[in-house]
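One structure is given here, and the rest of the page talks about it.
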Amino acid sequence: MGGVHRRARHGGGAGEGGHPQGRPGGRTGPCLADRRAGPGCERVRPTRGADPPGPPQLRSRTDGALPSPAMARTPVLTPQGEDFPRWYQDVLTKAELAENGPVRGTMVIRPYADAIWERMVAEVDARIKATGAENAYFRCSSRRATCAARPSTSRVLPELAVVTHAGGKELEEPAVVRPTSETVIGEYMAKWVQSYRDLPLLLNQWANVVRWELRPRLFLRTSEFLWQEGHTAHATAGEASAYAVRILTEVYRDFMVNVLAIPVHIGVKTAAERFAGATNTLACEAMMGDGKALQMGTSHELGQNFARVFDIGFLDSEGSQQLAWTTSWGVSTRMMGGLIMAHGDDSGMRVPPRVAEVQVVVMVVRGDDDGAVAAAARSIVDELIAAGVRTRLDDRADAPFGRRATDWELKGCPCVWSWGPAISP
RNA sequence: CGGGCUGUGGCGCAGCUUGGUUAGCGCGCUUGACUGGGGGUCAAGAGGUCGGGAGUUCGAAUCUCCCCAGCCCGACCA
């Protein structure tokens with residue numbers, strides 16, 4: 293019985309369990325590169341011109357058939373159709389992506405996943421800047437009084453983390469660790485916006501935020517996570533609305549579709565689902581491997597609600613005082629969870645080439661006496677790197693081939709290229 | 001905040017009902033050999049205050065009480 297509990301430990305929380313749904317069609321291609329080709333990854337086949345120098349008998353595995361197609365592959369992960377939440381947890385662990393921290397709901401992002409996250413950040417950041425927004429950084433704590441001033445709610449929010457002690461004594465006024473920064477940035481917007489000439493004010497910040505979620509799940513809902521939050525102020529409702537839509541389509545959807553290779557649906561949240569204080573909330577929803585949708589990013593029109601509370605006002609060209617119209621929008625490390633669940637299958641994660649830290653792995657299948665195979669493999673690695681392909685050589689001689697092949701498959705490397713001495717038919 | 005349950009090497013577990021030699025097993029880890037075309041085989045090893053405290057007892061992982069932490073269901077969820 294203990295086992296049952298243990299197994300379920302990281303399993304799906306409410307609304308996230310079950311719905312077994314197998315994925316159609318296994319990979320049956322005879323070619324390793326094809327078989328692990330991820331989303332948006334074209335088949336990589338060596339051509340004549342790409343043939344590395346070396347003895348003529350050397351052959352890429354991608355050109356031949358596996359010697360034993362019927363070879364049984366022992367499952368490494370819990371199959372998705374059996375228990376999707378557990379499959380997810382298995383992938384996180386075995387692909388060395390992330391693990392739980394000692395404090396409830398906290399997360400440690402391991403290097404392989406962090407490298408992917410960094411590339412996601414770079415892609416999103418470039419798109420944000422292309423809309424004219426600038427990056428800034430604001431403090432991570434705010435005064436409780438400020439937080440309480442938040443529109444539309446004055447109740448105690450249980451997900452807030454509050455700092456009560458610092459400097460060796462109890463604070464007179466406890467500090468709230470930001471769950472989002474509308475209130476903090478609102479104060480500065482009020483100072484920085486005086487004239488219609490100061491608008492639009494387009495700010496973005498990359499930061500961590502803390503929300504003491506009751507049902508944490510790695511990447512999808514953690515107590516602390518990394519994200520980007522944009523905050524803008526505009527002169528008119530129309531401008532604000534248009535900008536919120538622009539962010540959602542030109543930044544978020546474009547990134548998700550063209551970089552992450554995840555189709556998204558843009559939806560409008562109902563009044564009940566809206567961000568508190570928003571007049572309209574738009575979201576990118578993506579379909580996961582278990583047939584459920586995941587909210588991958590949101591963009592809010594805040595009307596004049598926040599401007600009213602924080603007094604973000606300006607003089608227009610006619611000389612009369614006006615209230616600004618604001619927006620806020622964000623995407624987070626949740627996208628990593630979405631990436632895993634949208635593309636992953638029973639063999640592991642699958643990383644789109646544009647965010648893959650390792651795009652191609654050249655595996656030396658087996659050692660050879662004269663070192664010709666290893667030399668040829670190194671040569672092709674050099675060639676690929678010179679061509680701008682992020683390539684890694686896997687020549688670990690002390691690990692069995694199967695172990696290494698499975699490792700890379702779990703990690704979802706877009707292309708695995710195996711090299712070894714030619715074998716007679 | 002209600003209801004249920006669990007804490008034993010890095011991870012996952014057995015042992016507890018009925019107290020009794022040196023607390024076991026799988027995975028992982030270390031070393032060596034044989035291997036190597038999808039988590040290979042064999043051998044030898046390292047690693048544990050049994051969540052914490054108190055109590056009962058000749059003797060506690062095991063029984064009793066208190067505390068702590070975590071998990072599941074519900075509620076909640078920017």
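Residue numbering for the first sequence follows the numbering used here, beginning at 293 and increasing consecutively.
For each residue, glycine too, the CB sits at the ideal point set by N, CA and C.
Using only alpha-carbon positions, find the residue among the options that is nearest to residue i.
| i | options | result |
| --- | --- | --- |
| VAL623 | GLU701, LEU491, PHE511 | PHE511 |
| ARG646 | TRP519, GLU415, ASP608 | GLU415 |
| MET633 | LEU607, ALA418, VAL383, VAL368 | VAL383 |
| GLY680 | ASP687, ILE672, ALA575 | ILE672 |
| ALA405 | ARG626, ALA563, PRO377 | ARG626 |
| ASN597 | GLY611, ALA532, ILE558 | ALA532 |
| ASP690 | VAL543, LEU495, MET655, GLY629 | MET655 |
| ALA599 | VAL476, ALA534, GLN497 | VAL476 |
| GLU451 | THR423, ARG411, LYS421, ARG507 | ARG507 |
| PHE376 | ASN392, ASP637, GLU462, CYS432 | ASP637 |
| ASN427 | ALA534, VAL653, GLN520 | GLN520 |
| THR590 | ILE604, VAL601, THR573 | THR573 |
| GLY611 | LEU369, TYR488, ALA425, GLU479 | TYR488 |
| LEU389 | SER620, THR571, MET641, ARG513 | MET641 |
| GLU465 | SER433, GLU391, LYS584, VAL502 | SER433 |
| ALA499 | LEU540, HIS592, PHE430, HIS457 | PHE430 |
| GLY743 | ARG509, VAL560, LEU518, GLY629 | The requested residue 743 is not part of the displayed model; the chain covers only 293 to 717. |
| MET588 | ALA422, ALA453, ILE554 | ILE554 |
| SER620 | HIS523, ARG419, GLY663 | HIS523 |
| HIS592 | ASP674, THR618, TYR480 | THR618 |
| MET248 | HIS635, THR571, LEU615, ALA714 | Within the shown structure, residues of the chain are numbered from 293 to 717, placing residue 248 beyond reach of any answer. |
| THR472 | GLY663, THR683, GLN497, ILE558 | GLN497 |
| GLY605 | ARG538, HIS526, VAL560 | HIS526 |
Under 8 Å by Cβ, that's how I've got residue i and residue j pegged, so tell me the actual separation to the nearest angstrom.
| i | j | result |
| --- | --- | --- |
| VAL735 | TRP711 | The chain is shown from 293 up to 717; residue 735 falls before or after that span and cannot be answered. |
| GLY581 | GLN372 | 6 Å |
| ILE408 | VAL643 | 6 Å |
| TRP484 | LEU493 | 6 Å |
| MET718 | THR514 | Examination of residue 718 is not possible in this model, given that the chain is present from 293 through 717 alone. |
| VAL556 | GLU542 | In fact, because the Cβ distance is near 13 Å, the residues do not count as touching under 8 Å. |
| THR370 | TRP379 | 5 Å |
| TRP709 | VAL665 | Contact doesn't hold; Cβ gap of about 13 Å is too wide. |
Can you say whether residue i is buried or exposed, counting buried as having 16 or more other CB atoms within 10 angstroms of its CB?
| i | result |
| --- | --- |
| ARG545 | buried |
| GLY317 | Here GLY317 scores only 29 on pLDDT, less than 50, and its place in the model is too uncertain to base an answer on. |
| THR562 | exposed |
| CYS323 | Summary for CYS323: the model assigns pLDDT 31, below 50, so the residue's position carries little reliability; its value from the coordinates is reported in the next sentence. Buried, since its Cβ has 16 or more Cβ neighbours within 10 Å. |
| SER609 | exposed |
| GLU374 | exposed |
| LEU702 | buried |
| VAL455 | exposed |
| TYR535 | buried |
| ASP686 | buried |
| PRO706 | buried |
| ASP699 | buried |
| ALA678 | exposed |
| ARG470 | buried |
| ILE401 | buried |
| ARG688 | exposed |
| LEU495 | buried |
Where does residue i sit, in a helix, a strand or coil, going by DSSP?
| i | result |
| --- | --- |
| VAL654 | strand |
| THR456 | strand |
| VAL400 | strand |
| ALA529 | helix |
| VAL383 | helix |
| PRO377 | helix |
| ILE558 | strand |
| LYS584 | coil |
| VAL468 | strand |
| GLU566 | Note that residue 566 is Arg in the sequence shown here, rather than Glu. DSSP places ARG566 in coil when its eight states are reduced to three. |
| ALA428 | coil |
| ARG513 | strand |
| PRO435 | Correcting the residue type first, residue 435 is Arg in the shown sequence and not Pro. In the structure shown, ARG435 sits in a strand (DSSP, three-state: E or B). |
| GLY595 | coil |
| ALA575 | strand |
| LEU493 | strand |
| LEU552 | coil |
| GLU410 | helix |
| THR541 | helix |
| ALA499 | strand |
| GLY605 | strand |
| GLY393 | coil |
| LYS479 | It is Glu, not Lys, that sits at residue 479 in the sequence shown. Looking at GLU479 - three-state DSSP - the assignment turns out to be helix. |
| VAL485 | coil |
| GLU474 | helix |
| GLU462 | strand |
So is the beta-carbon of residue i under 8 Å away from any non-hydrogen atom of the ligand ADP?
| i | result |
| --- | --- |
| ARG688 | With respect to the ligand ADP, the structure shown offers nothing to examine, as it has no ligands at all. |
task = Pick out the complete beta strand (DSSP E) segments inside the stretch 628–716, 3 residues or longer, and give them in chain order.
result = Within the stretch 628–716, the complete beta strand (DSSP E) segments at least 3 residues long are 652–656, 683–686, 707–712, listed from N- to C-terminus.
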